[in-house]
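Heads up: the structure comes next, in structure tokens.
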Amino acid sequence: MRKIFFYLILSVFVCFMTSCGFDNYDEPKSVLKGAITYEGQTVRLKGTNGGIQLQLYQDGYDKHDPITVYAGQDGEFQAVLFDGEYKLVTKDKNGPWVNNRDTIYVTVKGTTDCEVKVTPYFMITEEDITMTDNIVAATCNVNQIVDGAKIGQAMLLVSKTSFVDEATNIARQNKANVTAGKVDFSLDVSSNANVKAAKALYGRIGVKPQGADQAIYSQVFRLK
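Here it is, written out as structure tokens:
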């Protein structure tokens, strides 16, 4: 009986010390931050539901699964990490750009800045969105970057928050058979109950290339 009691106490002690050991590990404190860009211009993206993901790999550890880093709708990203050598790539077939997946080697120490350069199929410029009465009007230029790329769909999106994208909206107008150049939208929201109830409204234009899983976006405009 004494032996059983002794081993029970010993087991509890070992578990306690192991737990303390785990608790005493230092947490990561260094920061890797940056932006996804094209020719120095930040690329605007879908920022909800894990739309755009980057992947970080660190050699020398048993765990070889990537660390997922999510990009915001402004194209910027940030991750808290341990100091060390990392490899950064875009997720395979994720994003409105050519799927090159060039590896970026990053030495993380303290706060480290990083630029992820991509080649989008299209870029949106000279965008403007306004709302008069119950009509949301929008215009933009769609610039073709990659020869042979085609537009699958152009979208005018309205949201009740400043997060606006293909998945997060309360009103939208989709346009098919769109080509590069000037694109105009006119969306009547007079019968949309969600729009009527919203205290604030924001608009954004999106262009989704054929064959891509994500769209490229304009800046966000406050409409109300």
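When the letters of the sequence shown are read in order and numbered with mature numbering (1 follows the signal peptide of the UniProt record, and there is no 0), they come out as residues -25 to -1, 1 to 199.
Cβ atoms here follow ideal geometry from the backbone N, Cα and C, with glycine treated the same way.
{"query": "Three-way DSSP call (helix, strand, coil) for residue -5 in this model", "result": "Low confidence applies to residue -5: its pLDDT is 47, below 50, so where it sits in the model is not reliable enough to give any reading."}
{"query": "Burial state of residue 168 (16 or more Cβ within 10 Å)", "result": "exposed"}
{"query": "Short Cβ contact (7 Å threshold) for residue 205 with residue 165", "result": "Examination of residue 205 is not possible in this model, given that the chain is present from -25 through 199 alone."}
{"query": "Bridge partner(s) assigned by DSSP for residue 7", "result": "54, 87"}
{"query": "Buried or exposed (CB count within 10 angstroms, at least 16 for buried), residue 80", "result": "exposed"}
{"query": "Exposure label - residue 196; buried when at least 16 CB within 10 Å", "result": "buried"}
{"query": "Euclidean distance between Cα positions of residue 107 and residue 47", "result": "29 Å"}
{"query": "Rounded C-alpha distance that separates residue 72 from residue 94", "result": "5 Å"}
{"query": "C-beta atoms of residue 142 and residue 133 nearer than 7 Å", "result": "no"}
{"query": "Neighbourhood of residue 121 by C-beta, 7 Å cutoff - its chain only, sequence neighbours within 5 removed", "result": "73, 94, 96"}
{"query": "For residue 100 and residue 13, the rounded distance between their alpha carbons", "result": "13 Å"}
{"query": "According to DSSP, residues forming a beta bridge with residue 12", "result": "17, 92"}
{"query": "At least three beta-carbon pairs within less than 8 Å, the stretch 182 to 191 to the stretch 62 to 71", "result": "yes"}
{"query": "Contact under 7 Å by Cβ, residue 23 with residue 138", "result": "yes"}
{"query": "Outcome for residue 3 when other beta-carbon atoms lying within 10 angstroms are tallied against a minimum of 16", "result": "exposed"}
{"query": "According to DSSP, residues forming a beta bridge with residue 22", "result": "Paired residue(s): none; residue 22 is not in a bridge."}
{"query": "Reduced DSSP category for residue 109 - H, G, I as helix; E, B as strand; rest coil", "result": "coil"}
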